[in-house]
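Note that the numbering used here has the first sequence beginning at 4, numbered continuously upward. The next block holds one structure in the form of structure tokens; read it before the comments.
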Amino acid sequence: MASNVIILDFETTGLSPNMGDRAIEIGAVRLEQGQVVDRFQALMNPGQKISGFIENYTGISNAMLANAAPCAEVMADFCDFIGDYNLVAHNAAFDRKFLDAELARISRGYNGSFGCSLLASRRVFLDAPAYSLATLVEYTGSHSDGQFHRALYDAEMTAKVWLTLLDTLKRQYQLDDISFTTIQKLNKTAKKNVATMMAKLTRGSA
DNA sequence: TGCCAGGCCCTCTTTAGGGCCTT
């Protein structure tokens, strides 16, 4: 089920692990039947100074990271946390490349697949003004009173958007539940073909 | 040497360009 997933978010030193960027914070929530049943949050020391831009963007300072556990230690714990769950992130391609890069450094891996709340939102919330996480939180009427660009808060907000998205799909296509496979198909289907794809699923089994 | 993300998605498209989204 797409409501039994781990929703995660990384804060990082920049945009690309291929350019030497590292993770500095991981936040995640585990959903069971659409309820948050567990959380994970940790700062991690990337072994390099972060830029003033990242300090301002995230509110995470070099002083905070100096006292944090190293990436290897945090990511090993996080790998245990995610287990075999499927994973969701907002713009999942970004978080997946950092997860893969950090786990590769400690010779760990995971079995779950990624779903993307950004791609799915573009196909479901057709009249949203934009698809950034903050915009979608407001668009879906989700309560928000924390700080965007911190990992756990963004993961919690992504979870709210994700659950609204699943509810919207269920209502729209009169389905009892949405499988993770359905979301993956949705993410790969061109926007203009989504209604046809979902209608086929509805006639068969979603 | 000099450069430096990468993928989705739309459109004045497909022999391409540019905005969005993530930090």
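Where a beta carbon is used, it is the ideal one built from N, C-alpha and C, also for glycine.
Rounded separation between residue i and residue j - CA only
| i | j | result |
| --- | --- | --- |
| Lys203 | Ser120 | 22 Å |
| Leu57 | Asn65 | Per the sequence presented here, residue 57 reads as Ile, with Leu not at that position. Roughly 10 Å separates the two Cα atoms. |
| Ala133 | Met47 | 31 Å |
| Ala104 | Gln150 | 26 Å |
| Ala96 | Phe13 | 12 Å |
| Asp83 | Glu141 | 33 Å |
| Met78 | Leu106 | 7 Å |
| Ala72 | Met200 | 46 Å |
Three-way DSSP call (helix, strand, coil) for residue i in this model
| i | result |
| --- | --- |
| Arg33 | strand |
| Phe151 | coil |
| Val8 | coil |
| Ala193 | coil |
| Asp170 | helix |
| Leu18 | coil |
| Leu178 | coil |
| Arg25 | coil |
Cβ distance (whole Å) where residue i is taken to contact residue j below 8 Å
| i | j | result |
| --- | --- | --- |
| Leu139 | Ser124 | 6 Å |
| Val8 | Val127 | Between Val127 and Val8 the Cβ distance is about 16 Å, and since that is not below 8 Å, they are no contact. |
| Ile27 | Thr16 | 6 Å |
| Ala5 | Ile186 | 5 Å |
| Phe183 | Asn89 | 5 Å |
| Leu178 | Leu172 | 7 Å |
| Thr161 | Leu129 | The pair is not a contact, with the Cβ atoms about 19 Å apart (cut-off 8 Å). |
| Leu11 | Asp98 | 6 Å |
| Ala221 | Arg42 | Since the first residue shown for the chain is 4 and the last is 209, residue 221 is missing from the structure and cannot be characterised. |
| His146 | Tyr60 | Incorrect: roughly 23 Å between the Cβ atoms, too far for contact. |
Environment of residue i [buried if 16+ CB atoms lie within 10 Å]
| i | result |
| --- | --- |
| Pro49 | buried |
| His93 | buried |
| Arg206 | exposed |
| Ala154 | buried |
| Gly86 | exposed |
| Pro20 | buried |
| Leu22 | Per the sequence shown, the amino acid found at residue 22 is Met instead of Leu. Per the 10 Å Cβ criterion, exposed. |
| Arg33 | buried |
| Lys163 | buried |
| Gly118 | buried |
Note to self: Runs of 4 residues minimum, wholly inside the region 106 to 132: which ones carry the alpha helix (DSSP H) assignment?
What the structure shows: 120 to 127
Check: Considering only residues of the region 51 to 109, which uninterrupted beta strand (DSSP E) runs meet the minimum length of 3 residues and lie entirely inside it, listed in chain order?
Finding: 90 to 92
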